[in-house]
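J.: My questions will all concern the structure given below.
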Amino acid sequence: MKKQRTKNSIQHPFSPIIYPNSKILILGSFPSVISRENDFYYGNSKNRFWKVLGLIFDKDFISLSNEEKVNALKELHIALYDVVYSCTIDNSSDSSIEDVVYADIPSLIENTEINHIYCNGKKAYALLLKAYPMYKDRTVLLPSTSPANAAWNIDRLFEKWKELKLH
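Residues in the sequence shown are numbered from 1 upward in steps of one, following full-length UniProt numbering.
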């Protein structure tokens with residue numbers, strides 16, 4: 001017998017990391033169960049986000065505390081948030097996201113220097129362009145750093161994600 005899955009309606013549990021001098025915005029779709037439990041972005045140790053960022057900017061993000069990660073992002077002029085403010089979701093499955101309330105991205109970036117938006121994975125990209133098609137010209141789809149994206153090893157992720165350093 002197949003295990004019954006339960007979808008839960010959840011509001012985004014933490015604030016965006018953004019500053020007036022932010023130049024790049026990285027958007028995920030919605031925090032995973034483990035990230036929500038750890039109360040921080042990419043809190044699953046199997047997600048390669050912090051490792052890839054560390055390779056790009058020659059910084060050991062893995063060993064940093066959450067506060068130190070926030071400070072490092074500020075120094076790098078990188079903002080971090082998710083496209084979805086609230087939704088119904090089954091565990092951490094992007095494909096199960098429904099009943100979406102979008103994050104107010106225009107207000108979020110209004111008083112910043114953000115010119116480039118990078119989406120961590122196809123779901124974030126599709127949702128962003130559905131809600132805010134006016135950002136298409138300044139948005140780049142990057143392969144997901146999620147452990148579910150096993151086809152992309154750390155070297156391949158680095159090759160695509162290093163574009164962040166150009167801005």
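Even for Gly, the Cβ is constructed at its ideal location relative to N, Cα and C. Computed from a predicted structure; not experimentally measured.
In terms of alpha-carbon separation, which member of 78, 130, 132, 144 lies closest to residue 26?
T.: Of the candidates 78, 130, 132, 144, the one whose C-alpha sits nearest the C-alpha of residue 26 is 78.
J.: Quick one: what does DSSP say residue 120 is sitting in, helix, strand or coil?
T.: Note: residue 120 maps to strand in three-state DSSP.
J.: Give the straight-line distance between the Cα atoms of residue 112 and residue 105, rounded to the nearest whole angstrom.
T.: Taking the straight line joining both Cα atoms gives about 12 Å.
J.: Any idea if residue 101 is buried or exposed, counting beta-carbon neighbours within 10 angstroms, 16 or more meaning buried?
T.: So residue 101 ends up on the exposed side.
J.: Is DSSP giving residue 90 helix, strand or coil here?
T.: In this structure, residue 90 counts as coil in the three-state DSSP scheme.
J.: Provide the residue span of the alpha helix (DSSP H) that contains residue 34, from first to last.
T.: Element bounds for residue 34: 33-38.
J.: If you follow the beta strand (DSSP E) that residue 28 is in, where does it begin and where does it stop?
T.: Where residue 28 is concerned, the enclosing beta strand (DSSP E) stretches over 24-28.
J.: Identify every run of the alpha helix (DSSP H) within the stretch 122-161, keeping only runs that are complete inside it and at least 4 residues long; order them along the chain.
T.: The stretch 122-161 contains these whole alpha helix (DSSP H) runs: 122-131, 154-161.
J.: Quick check on the DSSP output: the alpha helix (DSSP H) that includes residue 108 runs from which residue to which?
T.: Note, residue 108: alpha helix (DSSP H), 105-109.
J.: Give the DSSP bridge partners of residue 81, in chain order.
T.: Partner(s): 27.
J.: Do residue 82 and residue 124 count as a contact pair if the criterion is CB distance below 9 Å?
T.: Yes, the Cβ-Cβ distance between residue 124 and residue 82 is below 9 Å.
J.: Kindly give me the distance between the Cβ atoms of residue 120 and residue 49, rounded to whole angstroms, as I take these residues to be in contact under 8 Å.
T.: Contact flag correct, Cβ pair sits at about 7 Å.
J.: Would you mind sorting residue 103 into buried or exposed? The rule is 16 or more other CB atoms within 10 Å of its CB.
T.: By the 10 Å Cβ count, residue 103 comes out buried.
J.: For residue 45, does the three-state DSSP call read helix, strand or coil?
T.: Here residue 45 sits in coil by DSSP.
J.: For residue 56, which of helix, strand or coil comes out of DSSP?
T.: DSSP places residue 56 in helix when its eight states are reduced to three.
J.: Which class does residue 62 belong to by DSSP, given the choice of helix, strand or coil?
T.: If DSSP states are grouped into helix, strand and coil, residue 62 belongs with the helices.
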